[in-house]
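Enquirer: Using the numbering used here, the first residue of the sequence shown is number 824, and each one after it goes up by one. I'd like to ask you about the structure that follows.
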Amino acid sequence: ICIACNRRGDYVCQNCLRLWGRPPVRIKSHPMELVTVLPYNDYSSRVVLAAKEDGNRSAQRLIAQSLASGIHVMSADRTSRITVVPIPSRPRNVRRRGEKFLIPIVLIANQRLLEQDALFLESVPEIEIRELLVQGRSIKEQSGLSMKDRQKKDRKSTRLNSSHEWISRMPS
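Next up, the structure:
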C-alpha cells in the first residue's frame, strides 16, 4: 500500500513517486533561501508522519531523496555548506521515537550525494544539522494541521536557540 495515497501496490505508487521526483524549486525567503520539492500539504504530511512517527524507512528514503535533490540544486552555485534546521520536537517525543527524526534522513541523503559525487566528480557540500530553534512554550500536537496553521503555530511556539547546539556534521 502506498504510504502517500493508500493505493494498493508498492510502498510508493508511480503517481506519488513522480510527485516526489519533481525537480526542486528555489524559493526566495528573507533572510534565507529555501529549496523545496513538494509543498507541505495533506499528501506530503502523510509521508512525513510515516517517517517521523512510525520510523517508516521507505518514507525516510523518499524524503532523503528529495533532500538530496534540493541540496544538489543549492550546491550548483558552489555552496560549500548546507545547514538543515529542524523544527523542534518535544523531548518526550524524541525519547519515544528513539532518535531525532531528521538525522537518519540526512545520513541517507548525504550517502546519496556522496555516491553521486563519485559518479559525476562533483563536489558535495558539507551538510550540518543545527538546532537553531527551540520550543518557546508548550504546544499542542501539530500532526493534523495544514501548512498554514503549522506556520502560525511554529512562529508562536519556537524561538532562537541561543546556544546554537550542533547535532551532527555529516562525513564528507
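Yeah, the Cβ is synthetic: ideal placement off N, Cα and C, and Gly gets one too.
Cβ of ARG982 within 8 Å of Cβ of THR906?
Expert: Cβ atoms of ARG982 and THR906: not closer than 8 Å.
Enquirer: For GLU922, name the three-state secondary structure that DSSP assigns.
Expert: The answer is coil: DSSP assigns GLU922 none of H, G, I, E or B.
Enquirer: What three-state label does DSSP hand SER867 in the structure shown?
Expert: Helix, per DSSP.
Enquirer: Leaving out five residues before and five after ARG831 in sequence, what residues of the same chain have Cβ atoms less than 7 Å from its Cβ?
Expert: So the list reads ILE824, once near-sequence residues are dropped.
Enquirer: Using three-state DSSP, classify VAL957 as helix, strand or coil.
Expert: Strand, per DSSP.
Enquirer: Tell me the rounded alpha-carbon separation between GLN888 and ILE931.
Expert: So the alpha carbons of these two residues sit roughly 8 Å apart.
Enquirer: Whole angstroms are fine: how far does the CA of SER903 sit from the CA of TYR834?
Expert: Each residue's Cα considered, the two are about 34 Å apart.
Enquirer: On the DSSP letters alone, give me the boundaries of the beta strand (DSSP E) that ARG904 sits inside.
Expert: Counting along the chain, the beta strand (DSSP E) containing ARG904 begins and ends at 904-907.
Enquirer: Which residue marks the beginning of the alpha helix (DSSP H) containing ALA891, and which one marks its end?
Expert: First-last of the alpha helix (DSSP H) with ALA891: 880-898.
Enquirer: Looking at the structure shown, is ILE850 part of a helix, part of a strand, or coil, going by DSSP?
Expert: It is a strand residue.
Enquirer: Rounded to the nearest angstrom, what separates ALA873 and ILE826 at their Cα positions?
Expert: Using only the alpha carbons, I get a separation of about 7 Å.
Enquirer: Can you check which of these residues, ALA891, TYR863, ARG845, is closest to PRO927 by C-alpha distance?
Expert: With distances taken between Cα atoms, PRO927 lies closest to ALA891.
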